[in-house]
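J.:
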Amino acid sequence: EAICFVARTNDIVNRYREHFSKSGLPVFLISRDAVDKSYYAGIRFATMHRVKGLEFDYILMASASKDIIPLKRVLEGIDNVTALEEADLRERALLYVAVTRAKKEVIITCNGEKSEYL
Numbered sequence: 002e003a004i005c006f007v008a009r010t011n012d013i014v015n016r017y018r019e020h021f022s023k024s025g026l027p028v029f030l031i032s033r034d035a036v037d038k039s040y041y042a043g044i045r046f047a048t049m050h051r052v053k054g055l056e057f058d059y060i061l062m063a064s065a066s067k068d069i070i071p072l073k074r075v076l077e078g079i080d081n082v083t084a085l086e087e088a089d090l091r092e093r094a095l096l097y098v099a100v101t102r103a104k105k106e107v108i109i110t111c112n113g114e115k116s117e118y119l
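Numbering (the working numbering), first residue to last: 2 to 119.
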């Protein structure tokens, strides 16, 4: 069954991928240069952007915490109300796309305060 570990940033994805890899589990990073190979046995790892258009049996989303979803640095410094609303909508849509990639189940975790979108 296809399992994909998803997070908002590359840093978070890579940190968890390294941890899973060290424990001996087969891992596969879906990146700009490496598309998903559905025949691959193992846990796939990807940012929320990279899973668009893909499907998995299970999605495990990590770090769905305040300041990560929405990503604080994306919204900081936007003074225009319309631009801020558009950026907020893009962040919400990104979360929606990521969690709807699961055919069977989504598991969402967070550290500290959960995202206001959840």
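Every residue, glycine too, gets a C-beta built ideally from N, C-alpha and C.
Excluding sequence positions up to five away, which residues of its chain have a Cβ less than 6 Å from the Cβ of Leu85?
T.: Mapped onto the sequence shown, residue 85 falls at position 84. By the criterion of a C-beta distance shorter than 6 Å, Leu85 is surrounded in its chain by Ile79, once the five residues flanking it on both sides are discounted.
J.: Return the residue from the list Val7, Leu95, Phe57 that minimises the CA-CA distance to Lys105.
T.: The count along the sequence shown starts at 1 and reaches residue 105 at position 104. The option with the nearest alpha carbon to Lys105 is Phe57.
J.: Look up Lys115 in the DSSP assignment and give the residues it is bridged to.
T.: Indexing the sequence shown from 1 puts residue 115 at position 114. Its beta-bridge partners are Ser66.
J.: Quick check on DSSP: helix, strand or coil for Lys23?
T.: Position 22 of the sequence shown, counting from 1, holds the residue named residue 23. It is helical.
J.: Between Ala8, Tyr59, Ala65, which lies nearest to Val49 when the distance is taken from Cα to Cα?
T.: Residue numbering aside, residue 49 sits at position 48 when the sequence shown is read from its first letter. First, the residue type needs correcting, since residue 49 is Met and not Val in the sequence shown. The option with the nearest alpha carbon to Met49 is Ala8.
J.: Is the segment 12-20 touching the segment 94-114 in the sense that three or more CB pairs, one from each, lie closer than 8 Å?
T.: no
J.: On the CB-based measure, 16 or more other CB atoms within 10 Å of its CB, does Leu90 come out buried or exposed?
T.: Mapped onto the sequence shown, residue 90 falls at position 89. With fewer than 16 other Cβ atoms within 10 Å, it is exposed.
J.: Return the Cβ separation of Ile109 and Leu119 in integer angstroms, given the expectation that the two are a contact with Cβ distance under 8 Å.
T.: Residue 109 sits at position 108 when you count from the first residue of the sequence shown. Residue 119 sits at position 118 when you count from the first residue of the sequence shown. Sure, about 7 Å apart at Cβ, within 8 Å.
J.: Can you tell me whether Ala35 is buried or exposed, with buried defined as 16 or more other CB within 10 angstroms of its CB?
T.: The residue given as residue 35 occupies position 34 in the sequence shown. The residue is exposed, with fewer than 16 neighbouring Cβ atoms inside 10 Å.
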